[in-house]
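First the structure, in the form of structure tokens, and then the observations on it.
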Amino acid sequence: MPDPTAVAVVAETGSASTAAYAGNTGYTGNVFAAGYFHSYSVVGLLAAVGVLFVAVAFGAGRLLRPVVPTPEKLLTYECGVDPVGEGWAHTQVRYYVYAFLYVIFAVDSIFLFPWATVFADPRYGATTLVEMFVFLGFLAVGLLYAYKKGVLTWT
Amino acid sequence: MNGALDVALRLLVVFAVFLTFPLIIGQTEHKVMAHMQGRLGPMYAGGFHGWAQLVADGVKFAQKEDVVPTGADRRIFQLAPAVALLPYLLVLLAIPIGPGQGAVGQVVDAGIFFVLAVMGVGVLGSLMAGWASANKFSLLGGLRTAAQLLAYELPMLLAAASVAMAAGTVSLPGIVDAFKWWWVPWQIVGALVFFVAGLAELQRPPFDMPVADSEIIFGAYTEYTGLRFALFLLAEYAGIVVLCGLTTVLFLGGWHGPWGADGLGWLWTLLKAAVLAFVVIWLRVTYPRLREDQLQKLSWTLLVPLSLAQIALTGIVKVVIS
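So the sequence lines, in the order shown, correspond to chains W and F. Its first residue numbered 8, the first sequence is counted upward by one per residue in this note's numbering. Its first residue numbered 19, the second sequence is counted upward by one per residue in this note's numbering.
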């Protein structure tokens, strides 16, 4: 016959595997299993409260403020002088290289978080540490390459 | 029924914090900046040292005409302030100020992940505003905002990952629970990187190139008036609250203090966050604005390598001690 307390613990935390992953944070009980959907539904509720707040503010503002449009007032302000040419002007966008760099590095870095929660488990020994240096090495080489290519210096 | 009441109360408190704390920081900024510059700051509104100045500002904003330029992309233009503001409200929900379930809006199990992801959405508001304004300077400002997020999100992410490694969890209360005092020197580089990157994401001086008033008027917010402009300002100060709260929770041990965490732990969190907010204001008065190329260079050639080094240090120390 199984130990009744152990059964109770498993029932409370959803399953043994999630309990192991949650570690010793003290928040295992209601964070996992049912708590997972509960916490995000509260986030959703707060988002609804926020949307309501903005809607009420804009609605009340409509009642409070004057509306006296004139063609001059509705002209794009820019810097105070009447605008010349189109607002969606062509400019040189230097940032696209940074955008590429960001996408590459950020997608890599996302994988750090799940790894970070388990890497110090003694059962892995030094394996995870070596993995980390391989990972950091990739990022560093990528950054060095970008630097060498002159991407990080302003043109 | 009791559960629903509990949730409603929590939402109410988070919402109240969201509406009041940014104003307190704004008023403090008025006063601190004034005194640092040898002025008095607001003294009239409300009587006592101009405490009601921001309330008066709010009343003024609500009464101003809402101008949407004819050339603008109307719907996007009107929606942008809400997109810029609401992410910070959601982030506040997940920041714990004391130990246990009672002192956090809602424990989100993937805390760091959730917080960083949602904070990134706020920049979308500035980008929408910059594009929809149909104004050359706003467009430049919007692009600069986006570029700044791209540059500084990465070091911020890496610094946060370092703390997650140290604590072995991504839950925010879990991280503070695992905190020991010697984490402060251990994670100090990560803390600095996180704080600086956060400042840059909020476009606070000295990282205010996207709204540089002497150069591109007010960047993405040039065409805005009245309430919508006020919401952008509120977003900036709510952002300061969130950044200081997160830095406190991740790097400064949240509710841990020299005399134990019991009872008055939440006071420690608020105190540490308030000191950080003061530093944010202090930096604004002290440093000149960084040029756009200097901004990008600082992130890619200094903050990213530093945060990578911090991860290496965290990994080695953690494996050695466990």
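Cβ coordinates follow ideal geometry from the N, Cα and C atoms, glycine included.
The C-beta of F95 of chain F comes no closer than 7 Å to any C-beta of chain W. L249 of chain F is a Cβ neighbour of L103 of chain F, given a cutoff of 7 Å. Flagged as an interface residue toward chain W: W318 of chain F, by a C-beta distance shorter than 7 Å.
Of all residues in the segment 130-152 of chain W, the ones placed with a Cβ closer than 8 Å to any Cβ belonging to chain F are A133, T135, L136, M139, F140, L143, L146, A147, L150, in chain order. In the DSSP annotation of this structure, the continuous segment of the alpha helix (DSSP H) that includes R246 of chain F starts and ends at 244-269.
Considering only beta carbons, no part of the segment 254-276 of chain F lies closer than 9 Å to chain W. Listed in chain order, the non-local C-beta contacts of D84 of chain F below 7 Å within the same chain comprise T243, G244, L245, R246, local neighbours out to five positions each way being set aside. At a cut-off of 7 Å between beta-carbon atoms, Q81 of chain F makes contact with chain W.
By the Cβ-count criterion, F44 of chain W is exposed, with fewer than 16 other Cβ atoms from all chains shown falling within 10 Å of its own Cβ. Each residue's CA atom was taken as its position, placing L261 of chain F and L294 of chain F some 9 Å apart. Put simply, the backbone Cα of G237 of chain F is about 20 Å away from that of M137 of chain F. Only exposed fits T304 of chain F, as fewer than 16 other CB atoms lie within 10 angstroms of its CB. Three or more Cβ pairs closer than 8 Å define a contact, and the segment 147-162 of chain F meets that threshold against the segment 98-113 of chain F.
The alpha-carbon separation between A26 of chain F and V32 of chain F amounts to approximately 10 Å. Distance from the CA atom of A63 of chain F to the CA atom of A70 of chain F, rounded to whole angstroms, is 5 Å. Under the DSSP assignment, Y305 of chain F falls outside any alpha helix (DSSP H); it carries neither an H nor an E label.
Here F36 of chain F is buried, its C-beta having at least 16 other C-beta atoms within 10 Å.
Around the Cβ of H53 of chain F, a 10 Å sphere holds fewer than 16 other Cβ atoms; the residue is exposed. Of all residues in the segment 219-248 of chain F, only I235, T240, E241, G244, L245 place a beta-carbon less than 7 Å from a beta-carbon of chain W. At a cut-off of 7 Å between beta-carbon atoms, T77 of chain W makes no contact with chain F. Boundaries of the alpha helix (DSSP H) around Y105 of chain W: 103-117. Residue range 154-185 is occupied by the alpha helix (DSSP H) that includes L176 of chain F. Identification of chain W residues near P60 of chain F by a Cβ-Cβ cut-off of 9 Å yields none; the smallest Cβ-Cβ distance measures about 23 Å. Counting only unbroken stretches of 4 or more residues, the alpha helix (DSSP H) elements lying wholly within the segment 185-226 of chain F are 190-196, 201-204, 206-219, in sequence order. Any Cβ of chain F closer than 7 Å to the Cβ of V56 of chain W would place that residue at the interface, and such an atom is present. Under the Cβ criterion of 7 Å, G68 of chain W is counted among the residues facing chain F. Proximity of K336 of chain F to chain W, defined by a Cβ-Cβ separation below 7 Å, is satisfied.
Taking the C-beta atoms as reference points, G129 of chain F is found nearer than 7 Å to S189 of chain F. In this chain, the alpha helix (DSSP H) harbouring Q328 of chain F covers 322-339.
Within a 10 Å sphere around the beta-carbon of I113 of chain F sit 16 or more other beta-carbons, which makes this residue buried.
A distance of 7 Å or more separates the beta carbons of S325 of chain F and Y170 of chain F.
Taken through DSSP and simplified to helix, strand or coil, V100 of chain W comes out as coil. By the C-beta criterion, the segment 164-181 of chain F is judged to be in contact with the segment 119-128 of chain W, since at least 3 inter-stretch pairs fall below 8 Å. Excluding sequence positions up to five before and after L146 of chain W, its CB lies within less than 7 Å of the CB of F112, D115, all in the same chain and listed in chain order.
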